[in-house]
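Below is one structure, written out as structure tokens, with a few remarks after it.
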Amino acid sequence: MLIKVSSLDLIPSGTMKQFFVKEHEILIININGRFYGLSARCAHAGAPLAEGTLDGEILTCPWHYSQYKITDGTVIRGPAERNLETFAVIVKDDYLFIDV
230 MLIKVSSLDL IPSGTMKQFF VKEHEILIIN INGRFYGLSA RCAHAGAPLA EGTLDGEILT
290 CPWHYSQYKI TDGTVIRGPA ERNLETFAVI VKDDYLFIDV
């Protein structure tokens, strides 16, 4: 099911923004016009990843510094051991939709 979450201009390149979609907290990240959707909470201790840092395609948790690859949610560095859930982000008519 596609759900409209934002206009494109609310997430400029190199930034991220958290959204609540149905029962999911989803972080949308824009890297050079490519959008990625990930679980917005760290798999280790539930930290809000929107408060973390983004370095290219690597997202770092603000609490214990776990790192994730934003393209597929895989753990790059612990203490997290579980990958982040990913969500398809679709661009249509200058809006972003999440497939949940």
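To get this note's numbering, take the position in the sequence shown, counting from 1, and add 229.
Just so you know, even glycine gets a beta-carbon here, dropped at the ideal spot from N, CA and C.
Just so it is clear, the structure is predicted and the values come from calculations on it, not from any experiment.
- For glutamate 314, the closest C-alpha among the options Lys321, Leu283, Ile255, Phe264 is that of Ile255.
- Take the alpha-carbon of tyrosine 297 and the one of isoleucine 287: they are about 6 Å apart.
- In the three-state reduction of the DSSP assignment, leucine 313 falls in the coil class, being assigned neither a helical nor a strand state.
- In this structure, histidine 273 sits away from histidine 253, with a CB-CB distance that is not shorter than 8 Å.
- A straight-line Cα-Cα distance of about 31 Å links methionine 230 and serine 295.
- Taking every protein chain shown into account, the CB of glycine 281 has 16 or more other CB atoms within 10 angstroms, so this residue is buried.
- Just measuring C-alpha positions, the residue of Tyr265, Gly275, Pro277 sitting nearest glycine 285 is Tyr265.
- Secondary structure of aspartate 284 (DSSP, three-state): strand.
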